[in-house]
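Q: Residue numbers (UniProt numbering), protein chains in the order written: chain A, 1 to 67; chain B, 1 to 271.
Positions of the beta carbon are idealized from the N, C-alpha and C atoms, including for glycine.
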Amino acid sequence: MLSISVNGQSHPLTDGQDLASLVKHHCERDSHIALVLNGEVVPRHRWEHIHLKHNDAVEFFAAVAGG
Amino acid sequence: MLKIADTEFSSRLFTGTGKFASGKQMQEAIAASGSELVTLAMKRVDFNAGSDDILAPLLERGVRLLPNTSGARNAKEAIFAANLAREMLGTTWLKLEIHPDPKYLMPDPMETFAAAKELVSQGFKVLPYVHADPVLCRRLEEIGCAAVMPLGSPIGSNQGLVSREFLKIIIEQANIPVVVDAGIGAPSHACEAMELGADAVLVNTAIASSTDPVRMARAFALAVQIGREAYLAGLGSKSLHAHETSPLTGFLHSEPVDTGLVPMDELGKVL
Chain A
1 MLSISVNGQS HPLTDGQDLA SLVKHHCERD SHIALVLNGE VVPRHRWEHI HLKHNDAVEF
61 FAAVAGG
Chain B
1 MLKIADTEFS SRLFTGTGKF ASGKQMQEAI AASGSELVTL AMKRVDFNAG SDDILAPLLE
61 RGVRLLPNTS GARNAKEAIF AANLAREMLG TTWLKLEIHP DPKYLMPDPM ETFAAAKELV
121 SQGFKVLPYV HADPVLCRRL EEIGCAAVMP LGSPIGSNQG LVSREFLKII IEQANIPVVV
181 DAGIGAPSHA CEAMELGADA VLVNTAIASS TDPVRMARAF ALAVQIGREA YLAGLGSKSL
241 HAHETSPLTG FLHSEPVDTG LVPMDELGKV L
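Below you can see the structure in the form of structure tokens.
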């Protein structure tokens with residue numbers, strides 16, 4: 001089975017899935033998050049153009065409280 | 001009015017968002033502080049844990065966001081974090097902090113300088129958190145940093161301006177704003193930094209870990225205003241010896257007491 005890792009956890013990969021649909025699946029809103037694919041920050045305008053492959057590692061980042 | 005890069009601030013108190021008991025308390029404290037610039041950190045999302053949306057209320061308040069690179073241990077990680085922040089928040093403002101040592105959280109000057117140089121060239125408004133090192137601060141100014149943020153004492157330690165004498169040199173030399181960051185533990189410390197001529201202070205722990213953070217935020221706002229006013233008024237000079245503030249004529253004698261001082265009239269003319 002094809003799979004990707006999302007924030008360290010394994011997820012099945014639907015064939016041809018793009019980053020934008022992955023975001024829709026994981027987040028209520030897509031504002032104020034940043035995506036990292038295999039260690040590279042992916043600009044928002046490219047999300048729908050990037051199709052995920054087996055073993056890709058995606059990380060979602062968000063703002064948290066800090067000094 | 002304080003101007004950093006292209007932005008003017010009417011408040012010289014910047015605040016962090018960490019360590020508050022709740023999001024509500026954080027918002028109320030920031031409101032009470034009058035702060036127009038607040039720091040944030042970034043973290044990998046934990047989909048299993050519910051999280052407070054800290055951003056929405058801050059954006060609603062209209063405060064400017066200053067994402068930090070906390071957690072970065074070297075220049076490469078900090079540059080990555082900066083790009084993450086720009087993508088996430090749509091801002092090029094950045095509190096650059098690189099502290100590999102978890103015990104004292106001392107900023108690494110060499111990694112900070114290297115990261116600052118690269119990030120300035122990428123168009124970031126870089127506000128580096130640094131030790132109170134006058135030479136490093138000058139170098140960071142030369143490469144185009146928007147401000148410097150020297151520490152008073154270790155982050156979250158509430159020790160106040162341990163670095164006071166070096167902060168004075170930094171302030172004297174700087175042509176960009178100096179924001180005293182870290183270690184400010186009481187309103188009196190913030191006031192002292194402003195009296196020295198700091199352009200602003202950044203406070204988090206002292207407000208968030210107080211018994212009444214909203215009230216403490218208000219106290220800091222007042223202290224910063226008082227310190228700034230005193231700086232603008234110009235503090236009198238210090239001396240080892242006493243200088244009389246009242247006439248030194250003896251009660252029982254009409255002759256003045258010999259003070260060894262040269263008598264002068266009100267205009268300073270020797271009589």
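1) Nearest CA to the CA of B:L196: which residue from B:V178, B:I98, B:R218, B:I207?
2) In the DSSP assignment, find the unbroken alpha helix (DSSP H) run with B:S33 in it and report its ends.
3) In whole angstroms, what is the alpha-carbon distance linking B:K24 and A:A62?
4) Between the alpha carbons of A:S5 and A:V58, how many angstroms are there, rounded?
5) Taking the alpha-carbon positions, what's the residue 69 of chain A to B:A115 distance?
6) Please return the same chain residues whose Cβ sits closer than 6 angstroms to the Cβ of A:V23, not counting the five positions on each side in sequence.
7) Going along the chain, which residues of the segment 66 to 98 of chain B sit with their C-beta nearer than 8 angstroms to a C-beta in chain A?
8) For a quick check, are the C-beta atoms of B:A208 and B:K19 less than 8 angstroms apart?
9) Give the C-beta separation of A:Q17 and A:L52 to the nearest angstrom, bearing in mind that I take them to be a contact with Cβ-Cβ under 8 angstroms.
10) Could you tell me which of B:P107, B:G90, B:L105 sits nearest to B:F124, measuring between CA atoms?
11) Say whether the segment 214 to 226 of chain B touches the segment 23 to 38 of chain B, bearing in mind that this needs 3 or more beta-carbon pairs closer than 8 angstroms, one atom from each stretch.
12) By DSSP, does B:T112 sit in helix, in strand, or in coil?
13) Rounded to whole angstroms, what's the CA-CA distance from B:G71 to B:H99? Just pull it up for me.
14) Taking 8 angstroms as the threshold (beta carbon to beta carbon), is residue 99 of chain A in contact with chain B?
15) Taking 8 angstroms as the cut-off, decide whether the C-beta atoms of B:E97 and B:P109 are in contact.
16) So, with DSSP's three-state summary, where would you put B:K238?
17) Label A:G67 either buried or exposed according to how many other C-beta atoms from any shown protein chain fall within 10 Å of its C-beta, with 16 as the threshold for buried.
18) Does DSSP put B:M264 in a helix, in a strand, or in coil?
19) Report the residue from B:L232, B:V162, B:P213 whose alpha carbon sits nearest the alpha carbon of B:L205.
20) Determine the burial state of A:E28: buried for a count of at least 16 other Cβ atoms within 10 Å of its Cβ, exposed for fewer.
21) Here's a check: name, in chain order, each residue in its chain whose Cβ is nearer than 7 angstroms to the Cβ of B:R138, leaving out the five neighbours to either side.
A: According to the structure shown:
1) For this step, residue 196 of chain B is matched to residue 196 along the second sequence. It is B:V178.
2) Here residue 33 of chain B refers to the residue found at position 33 of the second sequence. Here the alpha helix (DSSP H) through B:S33 covers 23 to 33.
3) Along the second sequence, one-based indexing puts residue 24 of chain B at 24. Along the first sequence, one-based indexing puts residue 62 of chain A at 62. Spanning the two alpha carbons is a distance of roughly 19 angstroms.
4) Within the first sequence, residue 5 of chain A is the residue found at index 5, counting from 1. Within the first sequence, residue 58 of chain A is the residue found at index 58, counting from 1. C-alpha separation (whole angstroms): 6 angstroms.
5) With chain A covering only 1 through 67, there is no way to say anything about residue 69 of chain A.
6) As a working mapping, residue 23 of chain A is identified with position 23 in the first sequence. So the qualifying residues of the chain are D30.
7) P67, N68, S70, F80, N83, L84, A85, E87, M88, L89
8) Locating residue 208 of chain B in the second sequence gives position 208, where the first residue counts as 1. Locating residue 19 of chain B in the second sequence gives position 19, where the first residue counts as 1. Against a cut-off of 8 angstroms, the Cβ pair of B:K19 and B:A208 comes out as a contact.
9) Stepping through the first sequence from its first residue, residue 17 of chain A is reached at position 17. Stepping through the first sequence from its first residue, residue 52 of chain A is reached at position 52. Yes, they are in contact, since the Cβ atoms of A:Q17 and A:L52 sit about 5 angstroms apart, within 8 angstroms.
10) Translated into the one-based positions of the second sequence, residue 124 of chain B becomes position 124. That would be B:G90, whose Cα lies nearest to the Cα of B:F124.
11) yes
12) For the purposes of this step, residue 112 of chain B is taken as residue 112 along the second sequence, with counting starting at 1. Correct three-state label for B:T112: helix.
13) The count along the second sequence starts at 1 and reaches residue 71 of chain B at position 71. The count along the second sequence starts at 1 and reaches residue 99 of chain B at position 99. Approximately 8 angstroms between the Cα atoms of the pair.
14) The question about residue 99 of chain A has no answer, for chain A in this structure spans 1 to 67.
15) As a working note, residue 97 of chain B is residue 97 in the second sequence. As a working note, residue 109 of chain B is residue 109 in the second sequence. No, these two residues do not count as a Cβ contact at 8 angstroms.
16) Taking the second sequence and counting its residues from 1, one reaches residue 238 of chain B at position 238. The answer is coil: DSSP assigns B:K238 none of H, G, I, E or B.
17) Position 67 of the first sequence, counted from the first residue, corresponds to residue 67 of chain A. Buried, because 16 or more other Cβ atoms sit within 10 Å of the Cβ of A:G67.
18) Looking up residue 264 of chain B in the second sequence gives position 264. B:M264 falls in the strand class under three-state DSSP.
19) The count along the second sequence starts at 1 and reaches residue 205 of chain B at position 205. Before going on, a small fix: residue 205 of chain B reads as Thr here, not Leu. Ranking the options by Cα distance to B:T205, first place goes to B:P213.
20) The residue you call residue 28 of chain A lines up with position 28 of the first sequence. By the 10 Å Cβ count, A:E28 comes out exposed.
21) As a position in the second sequence, residue 138 of chain B is number 138, starting the count at 1. Excluding positions up to five away in sequence, the list reads Q173.
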